[in-house]
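Notes to accompany the following structure.
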Amino acid sequence: MSGSASGKRLAAACPQRGAPYAVNCFTITMSVDQRSRASHPKTVETRVPLEFHQAKGALAKHALEASWQRSIASGLAETHQVLPPVTSWADGRAVRSRNSKLLKYAEPSVENTFEQMAGTGTVVVLADAEGIIVCSKGDADLMSGPFGPLFQPGVSWSEAIAGTNAIGTCVASRAPVTVDLAEHYLISFRSLSGAAAPCFDSAGTIAGVFAAYSTSPAIHALPLIRTVAVLIENRMLVREMADEIVVVFHPVAEYLTTIKQAIAVFGSDGKLLGSNSAARCLLNLDPRDTLGKRFTDLFGFNFSLERFVDKARAMRGSQFAASLRDGREVTMIVNVGVTGEAACSARAPTDASQSTDQQQTRPRSARVLLKDLDLGDPQMQRAIQKASMILGSDIPLLIEGESGVGKEVFTAAFHNSGPRHNGPFVAVNCAAIPEGLIESELFGYEEGAFTGAKRKGFPGKILQANGGTLFLDEIGDMPLSLQGRLLRVLQERQVTPLGSTRSMPVDVSIVCATHRSMIDEVTAGRFREDLYYRLNGLRIRLPSLRERKDISCLIDFVINAESGGRKIEVTPDVRHALCTHPWPGNIRQLQMTLRTALAILRDGTELRLEHLPDELVPTEGSETPSQAEAQPCDLAQIEMDAVRRAIAASDGNMSEAARILGISRKTLYRKLEKLSAQSTAGQVAKEQAAPGTKGT
Ligand SMILES: Nc1ncnc2c1ncn2[C@@H]1O[C@H](COP(=O)(O)OP(=O)(O)OP(=O)(O)O)[C@@H](O)[C@H]1O
Numbered sequence: 000m001s002g003s004a005s006g007k008r009l010a011a012a013c014p015q016r017g018a019p020y021a022v023n024c025f026t027i028t029m030s031v032d033q034r035s036r037a038s039h040p041k042t043v044e045t046r047v048p049l050e051f052h053q054a055k056g057a058l059a060k061h062a063l064e065a066s067w068q069r070s071i072a073s074g075l076a077e078t079h080q081v082l083p084p085v086t087s088w089a090d091g092r093a094v095r096s097r098n099s100k101l102l103k104y105a106e107p108s109v110e111n112t113f114e115q116m117a118g119t120g121t122v123v124v125l126a127d128a129e130g131i132i133v134c135s136k137g138d139a140d141l142m143s144g145p146f147g148p149l150f151q152p153g154v155s156w157s158e159a160i161a162g163t164n165a166i167g168t169c170v171a172s173r174a175p176v177t178v179d180l181a182e183h184y185l186i187s188f189r190s191l192s193g194a195a196a197p198c199f200d201s202a203g204t205i206a207g208v209f210a211a212y213s214t215s216p217a218i219h220a221l222p223l224i225r226t227v228a229v230l231i232e233n234r235m236l237v238r239e240m241a242d243e244i245v246v247v248f249h250p251v252a253e254y255l256t257t258i259k260q261a262i263a264v265f266g267s268d269g270k271l272l273g274s275n276s277a278a279r280c281l282l283n284l285d286p287r288d289t290l291g292k293r294f295t296d297l298f299g300f301n302f303s304l305e306r307f308v309d310k311a312r313a314m315r316g317s318q319f320a321a322s323l324r325d326g327r328e329v330t331m332i333v334n335v336g337v338t339g340e341a342a343c344s345a346r347a348p349t350d351a352s353q354s355t356d357q358q359q360t361r362p363r364s365a366r367v368l369l370k371d372l373d374l375g376d377p378q379m380q381r382a383i384q385k386a387s388m389i390l391g392s393d394i395p396l397l398i399e400g401e402s403g404v405g406k407e408v409f410t411a412a413f414h415n416s417g418p419r420h421n422g423p424f425v426a427v428n429c430a431a432i433p434e435g436l437i438e439s440e441l442f443g444y445e446e447g448a449f450t451g452a453k454r455k456g457f458p459g460k461i462l463q464a465n466g467g468t469l470f471l472d473e474i475g476d477m478p479l480s481l482q483g484r485l486l487r488v489l490q491e492r493q494v495t496p497l498g499s500t501r502s503m504p505v506d507v508s509i510v511c512a513t514h515r516s517m518i519d520e521v522t523a524g525r526f527r528e529d530l531y532y533r534l535n536g537l538r539i540r541l542p543s544l545r546e547r548k549d550i551s552c553l554i555d556f557v558i559n560a561e562s563g564g565r566k567i568e569v570t571p572d573v574r575h576a577l578c579t580h581p582w583p584g585n586i587r588q589l590q591m592t593l594r595t596a597l598a599i600l601r602d603g604t605e606l607r608l609e610h611l612p613d614e615l616v617p618t619e620g621s622e623t624p625s626q627a628e629a630q631p632c633d634l635a636q637i638e639m640d641a642v643r644r645a646i647a648a649s650d651g652n653m654s655e656a657a658r659i660l661g662i663s664r665k666t667l668y669r670k671l672e673k674l675s676a677q678s679t680a681g682q683v684a685k686e687q688a689a690p691g692t693k694g695t
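Positions 0 to 695 (numbering that gives the first Met the number 0) are the ones given, in order, by the sequence shown.
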């Protein structure tokens, strides 16, 4: 066929591509590469629907043009038929087994996405890195029609075989793409609309393509398909590398738990092992050049990975402020898997000459164990001894103690020290979950159990903890109506999810904690006596910080974890002030005080009185407050104090203050608003209470 004949034929095809495309077309000229010159014209004129470009922007226009050019260059005729069946059943199986890892993480998404699109004449498809179908699920109408066999495993939708189409063009352009109707190169595909997005592996190579096809004029599925592709990519990265050091970050804190989150995974040697697309974009990483990149090349930390892991451990999955190497601020969450923990612990200094205090000379274990919490306080030692005696038994543990004394840390250490340490540790704060949600959160529910239930149902925290430990924090706040159900679970060792008639056996170690007196709760009729006795297998009370005899060791322990690798000297008067303070907020308050003091100290190495908050510094003639004068724990006051000091330490620079506090700037502003409202309310209350003042 001559060049002009081919151009005319392509141009003539446009009006047949459906009414919307019949009027507004424009002409593009494509050159054909040397390889196909023998059988193809030097230049080919084709007409591409104008609406396509208007709707999809310049990138899509460019991608479509380039794809048609490639299709022509590959020697494919528009009239070519991709004939089913092109593969045998055995070929299909071979494709599935070749892509078993991709299937493991993506096949559930094919099912789930199809559920959302069912009834719309759609097929949801997973293809491999070459555009070969790996699995699919589609509406019966479509699958029993002429296209059905083309969506079976083993069929190739690569551009070389199927011309311009969503899957093939997505592979070739490494980008999400929609190809509608007449935009397909092959005439036989021009009644299809497709949307496809690439799933990249941890090294930035295409691992597969997630796509949806429909015979409707335009399926508008790209946003959903892109979202699912990112979810698959993130799932593959995080699950495959869960044992390493997983750093999740984003400049906008609110995006941390969304598909926009950037994820970078580091090995225990501090080298980058993998990342997702969002991380590569934020870190300006070229996928070909990520090997060997180190943690310190990418993030603005001037301390070692071991220190970073310590900090991450102290944050226990909470967000903190950090910065990229180029200075951009991000909010970060870090999860340290067992390999990361173990390797970093193994390399932590154990040489007694490097440190003088008990904590620093103790070799650290991969996870905090009960024995690690023994810093010399007799009450803590008794609690540790008692808890150790029931390790591995089914006896429930009830921990009492003020807020911030370390009840959750103790429970985690109890879990890590027992035979279930490889099982899950699931913590539920009964006071933090709205009353109406506790039941479904704890016991789970079946699909469609109530309005708003997740499609697939939810197993519930109790079942999630199966084989491990369930920590019910603030058990005193458990609604009375649910206490009977919890009691049944404990007695029968079975859970029945909401909306289900099936009971599932469960094997968990139960630890409860409360800052209330449970006896008082029982006496007041707010807590069932039978449940109390059931939970009270072994009761221990953790001492408040002001009662502890090992504060000095604890100070060193916290400084060690918070100082980012620096060796810090603590002057005797600072040590005295810290050891004799009444500490209404317990270890949490001590930790916050030291974190802020270290931030004020900046690069210094000696912690002096001037780095401490005013209320800790004895003024001339003043006496150190005695334990009897200890104020009741006022967390808002502690928080306000920390915020005030961080802002002062950073000379009013809110970003710096947020960094010192380990929170995002937005969170800092929100806290300021909340705290100033509280302090206004408190002031009004004081004025009203004070005799002779206005309003009394
Ligand atoms: N032994 C310890 N050494 C160092 N830090 C500790 C220790 N125990 C607790 N912490 C720190 O003190 C803070 C409070 O600990 P945790 O959350 O376990 O207390 P809690 O009693 O459960 O508090 P709440 O009653 O408010 O839930 C945490 O930041 C934790 O990291």
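Cβ atoms here follow ideal geometry from the backbone N, Cα and C, with glycine treated the same way.
So residue i is in the alpha helix (DSSP H); what residue range does that whole segment cover?
{"i": "residue 550", "result": "550-561"}
{"i": "residue 410", "result": "406-416"}
{"i": "residue 575", "result": "571-579"}
{"i": "residue 105", "result": "99-116"}
{"i": "residue 270", "result": "It is not in any alpha helix (DSSP H) - residue 270 carries neither H nor E in the DSSP assignment."}
{"i": "residue 518", "result": "517-522"}
{"i": "residue 705", "result": "With the chain covering 0 to 695 only, the question about residue 705 has no answer from this structure."}
{"i": "residue 224", "result": "221-239"}
{"i": "residue 597", "result": "585-600"}
Take residue i as the anchor and find which of the options has the nearest alpha-carbon.
{"i": "residue 438", "options": "476, 514, 366, 267", "result": "476"}
{"i": "residue 132", "options": "166, 119, 407", "result": "166"}
{"i": "residue 258", "options": "233, 538, 269", "result": "233"}
{"i": "residue 567", "options": "581, 549, 638, 597", "result": "597"}
{"i": "residue 227", "options": "113, 329, 574", "result": "113"}
{"i": "residue 281", "options": "269, 293, 297", "result": "297"}
{"i": "residue 151", "options": "93, 392, 162, 528", "result": "93"}
{"i": "residue 575", "options": "254, 611, 508", "result": "611"}
{"i": "residue 556", "options": "607, 502, 525, 589", "result": "589"}
{"i": "residue 190", "options": "562, 443, 145", "result": "145"}
{"i": "residue 79", "options": "153, 195, 162", "result": "162"}
{"i": "residue 508", "options": "294, 467, 545", "result": "467"}
{"i": "residue 275", "options": "330, 198, 335, 219", "result": "198"}
{"i": "residue 178", "options": "206, 277, 602, 64", "result": "64"}
{"i": "residue 279", "options": "245, 201, 332, 305", "result": "201"}
What residue range does the beta strand (DSSP E) around residue i cover?
{"i": "residue 319", "result": "319-322"}
{"i": "residue 428", "result": "424-428"}
{"i": "residue 125", "result": "121-127"}
{"i": "residue 172", "result": "Per DSSP, residue 172 belongs to no beta strand (DSSP E); it is in the alpha helix (DSSP H), 165-172."}
{"i": "residue 705", "result": "In the structure as shown, the chain starts at 0 and stops at 695, and residue 705 therefore has no counterpart that could be examined."}
{"i": "residue 283", "result": "Residue 283 -> no beta strand (DSSP E), and no H or E assigned at all."}
{"i": "residue 263", "result": "261-265"}
{"i": "residue 469", "result": "468-472"}
{"i": "residue 460", "result": "No beta strand (DSSP E) contains residue 460, which is instead part of the alpha helix (DSSP H) from 460-463."}
Quickly, what does DSSP pair residue i with across the bridge? List them, please.
{"i": "residue 538", "result": "397"}
{"i": "residue 504", "result": "493"}
{"i": "residue 197", "result": "208"}
{"i": "residue 300", "result": "Bridge partners of residue 300: none, in fact."}
{"i": "residue 512", "result": "398"}
{"i": "residue 525", "result": "DSSP, once it has assigned bridges, lists no residue as partnering residue 525."}
{"i": "residue 334", "result": "245"}
Quick one, are the C-beta atoms of residue i and residue j less than 8 Å apart?
{"i": "residue 105", "j": "residue 248", "result": "no"}
{"i": "residue 558", "j": "residue 593", "result": "yes"}
{"i": "residue 409", "j": "residue 372", "result": "yes"}
{"i": "residue 122", "j": "residue 142", "result": "yes"}
{"i": "residue 462", "j": "residue 494", "result": "yes"}
{"i": "residue 553", "j": "residue 615", "result": "no"}
{"i": "residue 211", "j": "residue 231", "result": "no"}
{"i": "residue 168", "j": "residue 261", "result": "no"}
{"i": "residue 252", "j": "residue 318", "result": "yes"}
{"i": "residue 129", "j": "residue 176", "result": "no"}
{"i": "residue 192", "j": "residue 215", "result": "yes"}
{"i": "residue 426", "j": "residue 393", "result": "no"}
So with Cβ pairs under 8 Å, would you call residue i a contact of chain B?
{"i": "residue 428", "result": "Any reference to chain B falls outside this structure, which holds one protein chain only."}
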